[in-house]
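Number of protein chains: 2
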Amino acid sequence: MQIFEKISIVGFGKVGKVLYHYFSQKGVQIEQVFVREITELQKVHPVIPFSDDIFILKAVDLILICVQDDHIPDIIQKIPKTQALAYTSGSVELTAFEENVGVFYPLQSFAHLPDDAIPHIPILLEAKNPRFYKQLEEFALRFFNTCHSMSSDDRKQMHIAAVIANNFTNHLVHLAQRHCEENDIDFNLLKPLLLETSKKWMTHPAFDLQTGPAKRGDHKTIEQQQEMLSLEQKDLYDVLTKSIHQAHKQ
Amino acid sequence: MQIFEKISIVGFGKVGKVLYHYFSQKGVQIEQVFVREITELQKVHPVIPFSDDIFILKAVDLILICVQDDHIPDIIQKIPKTQALAYTSGSVELTAFEENVGVFYPLQSFAHLPDDAIPHIPILLEAKNPRFYKQLEEFALRFFNTCHSMSSDDRKQMHIAAVIANNFTNHLVHLAQRHCEENDIDFNLLKPLLLETSKKWMTHPAFDLQTGPAKRGDHKTIEQQQEMLSLEQKDLYDVLTKSIHQAHKQ
């Protein structure tokens, strides 16, 4: 089986950038990095082989497409059908594409991700062609601790779970931070609480960890807090309080 | 200044239980532990000096009241005015109470809290009488790394921030877990993502960490996900997506 040694990357956003640096550092030969505009980037990263014309593509073992979901079909269309490629999206279905197209979805959030976290990213793989799948798997396991075969449908459900458990929770932490700033109290005091709860998530079902006024059905505290919130916060407070109450009332 | 060496505890729920064991282990003399019904508890914990009658109270240096908010005024009323006491609530105002009453609020969630996390709990203190405050502070700092003076108003705001950043985020993790179970996909794959994001909260503003379809304004993925959700999930999804969009549109 031919292994993937020489690759190119399309896109240099959060995902493309992290993967470029990680693979380079691991000795993977990166032939081209496609971006829409290269002028500024070339000044900052003079060593990276940027290109802004996908039509002057060199043949490589694999092209990794790390662009926004909407642009994936368009990019795939521009690349010769004989070229093996994989995209890094959680939501784009594989069904619509050709035999040489696969999915290489790193289930992680790339904003401010420390280097030592990269090998632990679970890679979710999909490919119609079993030989191509094997090659993707070999490539993934050369650089990451685990990879998993996952269908487009399951990957979409996983992406929803990631949005709920990561994007939404992160936003709530931001709102709590803003609440502290607006009320001139120290958000840092909440850090031991956040840290311990997230450590507990590794070993306990979140359901068993729930505490607080909504879980207890403590209407007096709930009403007191509702009165102290801004209108925007109140919507969120009410829908989440109702949902906690619903989940724990049985 | 007389230091607090002999205490009693009212309530043996999550907070009372953890504090009882922690203080006992640290050599604090615990005179009485008041509960509503002792029969079953005495079988499980034969060594603990349970009592179910607050009126046969022995004089101690401090009584810690670890009961639900609603019951605090009633308990305080039953204890002689000369007895120093403090309650562990985030939301109950101090204004209504006497000189010998203070607040000893541990800003942490006590469900499945590991022993090694206990000394790191920030203790928020309040007392009208400066001498009593000093005694509370000395007591807190003997067993915990940090304590902070905080007014009732600020403590209430902190409690709201804790509900948002901890109870609400924990519930979202539960919903993600349920979503994985219902769709027969492995929640464990999300753990590296949860772990890394929570570590980032210690050092970065959550606002700078936001990723995902709502932040990007990726309407196609948002609509696709909305169609895949149950009605209960959809309410939450919509209000959180709107709130993320609102926060990041500037």
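Residue numbers (this note's numbering), protein chains in the order written: chain A, 1 to 250; chain B, 251 to 500.
Quick reminder that beta carbons are idealized off the backbone N, C-alpha and C, glycines included.
Given the structure is predicted, the values throughout are model-derived calculations rather than measurements.
What are the boundary residues of the alpha helix (DSSP H) that includes residue i?
{"i": "I65/A", "result": "Careful: I65/A lies outside any alpha helix (DSSP H), inside the beta strand (DSSP E) at 62-65."}
{"i": "S493/B", "result": "481-498"}
{"i": "H429/B", "result": "419-432"}
{"i": "L269/B", "result": "264-275"}
{"i": "H219/A", "result": "219-228"}
{"i": "F207/A", "result": "206-209"}
{"i": "K449/B", "result": "441-451"}
{"i": "E290/B", "result": "289-294"}
{"i": "I75/A", "result": "72-78"}
{"i": "A464/B", "result": "463-466"}
Chain B partners of residue i, CB-CB under 8 Å?
{"i": "P130/A", "result": "Within chain B, no residue comes near P130/A; the closest Cβ sits about 22 Å away, beyond 8 Å."}
{"i": "F50/A", "result": "Within chain B, no residue comes near F50/A; the closest Cβ sits about 23 Å away, beyond 8 Å."}
{"i": "I179/A", "result": "Here residue 179/A turns out to be His, not Ile, going by the sequence shown. Per Cβ cutoff of 8 Å: Q407, I410, A411, I414."}
{"i": "F104/A", "result": "Chain B residues near F104/A: none, gap ~15 Å exceeds 8 Å."}
{"i": "E126/A", "result": "Per Cβ cutoff of 8 Å: no residues; E126/A is ~13 Å from chain B at best."}
{"i": "C110/A", "result": "Going by the sequence as given, residue 110/A is Phe instead of Cys. In chain order: T461."}
Starting from residue i, find everything on chain A with Cβ-Cβ shorter than 9 Å and list it in chain order.
{"i": "M452/B", "result": "K191, L194, L195"}
{"i": "L357/B", "result": "L189, L190, P192, L193"}
{"i": "N433/B", "result": "D153, D154, Q157, M158, I160, A161"}
{"i": "H370/B", "result": "P192, L195, E196"}
{"i": "L363/B", "result": "E196, K200"}
Under 8 Å Cβ-Cβ, which residues of chain A neighbour residue i?
{"i": "R246/B", "result": "Since the first residue shown for chain B is 251 and the last is 500, residue 246/B is missing from the structure and cannot be characterised."}
{"i": "C397/B", "result": "Chain A residues near C397/B: none, gap ~10 Å exceeds 8 Å."}
{"i": "P323/B", "result": "Chain A residues near P323/B: none, gap ~11 Å exceeds 8 Å."}
{"i": "Q327/B", "result": "Going along chain A, no residue has its Cβ under 8 Å from Q327/B, so there is no contact; the nearest lies around 17 Å."}
{"i": "P296/B", "result": "Those within 8 Å of P296/B in chain A number zero; the least Cβ separation is about 27 Å."}
In chain A, what lies closer than 7 Å to residue i by C-beta?
{"i": "T471/B", "result": "D69, S91"}
{"i": "L425/B", "result": "I164"}
{"i": "S258/B", "result": "Near S258/B there are no residues of chain A at all, since even the closest Cβ is about 24 Å away, more than 7 Å."}
Looking at the secondary structure, which residues open and close the beta strand (DSSP E) in which residue i lies?
{"i": "F34/A", "result": "29-34"}
{"i": "V351/B", "result": "351-356"}
{"i": "V10/A", "result": "6-10"}
{"i": "L374/B", "result": "373-377"}
Return the chain-ordered list of same chain residues with a C-beta closer than 8 Å to the C-beta of residue i, the five sequence neighbours on each side being excluded.
{"i": "C430/B", "result": "D436, F437, L440"}
{"i": "I79/A", "result": "I54, L57, I63, L85"}
{"i": "E138/A", "result": "M1, I3, F4"}
{"i": "F382/B", "result": "A334, E349, N350, G352"}
{"i": "K107/A", "result": "Going by the sequence as given, residue 107/A is Leu instead of Lys. Hits under 8 Å: G90, I121, P122, I123, L124, M158, A162."}
{"i": "D238/A", "result": "Q226"}
{"i": "H148/A", "result": "P122, I123, L124, L125"}
Beta-carbon within less than 7 Å of residue i's beta-carbon, same chain only, minus the 5 sequence neighbours each way: which residues are those?
{"i": "K215/A", "result": "I244, H248"}
{"i": "N379/B", "result": "E349"}
{"i": "A111/A", "result": "K14"}
{"i": "L291/B", "result": "F262, V285, F300"}
{"i": "K276/B", "result": "F393"}
{"i": "N166/A", "result": "S109"}
Which chain B residues sit within Cβ distance under 7 Å of residue i?
{"i": "A59/A", "result": "The premise fails here: A59/A is roughly 31 Å from chain B at the closest Cβ pair, so nothing lies under 7 Å."}
{"i": "F168/A", "result": "L422, L490"}
{"i": "L136/A", "result": "The contacting residues do not exist; L136/A stays about 17 Å from chain B at best."}
{"i": "P213/A", "result": "V413"}
{"i": "A140/A", "result": "Chain B residues near A140/A: none, gap ~14 Å exceeds 7 Å."}
Name the chain B residues whose beta carbon is nearer than 9 Å to that of residue i?
{"i": "A117/A", "result": "P442, L445, E446, K449"}
{"i": "M251/A", "result": "Shown here, chain A extends from 1 to 250; a query on residue 251/A therefore has no answer."}
{"i": "K251/A", "result": "Here chain A comprises residues numbered 1 to 250, so residue 251/A is not present and cannot be evaluated."}
{"i": "K14/A", "result": "T461"}
What is the DSSP secondary structure of residue i, counted as helix, strand or coil?
{"i": "S402/B", "result": "helix"}
{"i": "F144/A", "result": "coil"}
{"i": "L307/B", "result": "coil"}
{"i": "A501/B", "result": "Here chain B covers residues 251 to 500 and nothing more, so residue 501/B does not appear."}
{"i": "F110/A", "result": "coil"}
{"i": "S341/B", "result": "coil"}
Can you give me the Cβ contacts of residue i inside the same chain, cut-off strictly under 6 Å, excluding the 5 residues immediately before and after it?
{"i": "G11/A", "result": "C66, V67"}
{"i": "F207/A", "result": "none"}
{"i": "G6/A", "result": "The sequence as given places Lys at residue 6/A; Gly does not occur at that position. Result list for K6/A: Q29, E31, V60, D61, in chain order."}
Item to check | Sufficient close CB pairs (3 or more, under 8 Å) joining the stretch 404-423 of chain B to the stretch 331-343 of chain B | outcome: yes
Checklist entry - Is the stretch 211-227 of chain A in contact with the stretch 457-464 of chain B, if contact means three or more CB pairs nearer than 8 Å? => result no
Checklist entry - Just checking, does the stretch 112-120 of chain A make contact with the stretch 167-175 of chain A on the three C-beta pairs under 8 Å criterion? => result no
Next on the checklist: For the stretch 272-286 of chain B against the stretch 294-304 of chain B, do three or more pairs of beta-carbon atoms, one drawn from each stretch, fall closer than 8 Å, so that the two count as touching?
Outcome noted: yes
Next on the checklist: Between the stretch 439-454 of chain B and the stretch 192-204 of chain A, can you find at least three pairs of beta-carbon atoms closer than 8 Å?
Outcome noted: yes
Checklist entry - Does the pairing of the stretch 369-379 of chain B with the stretch 390-401 of chain B give three or more beta-carbon distances under 8 Å? => result yes
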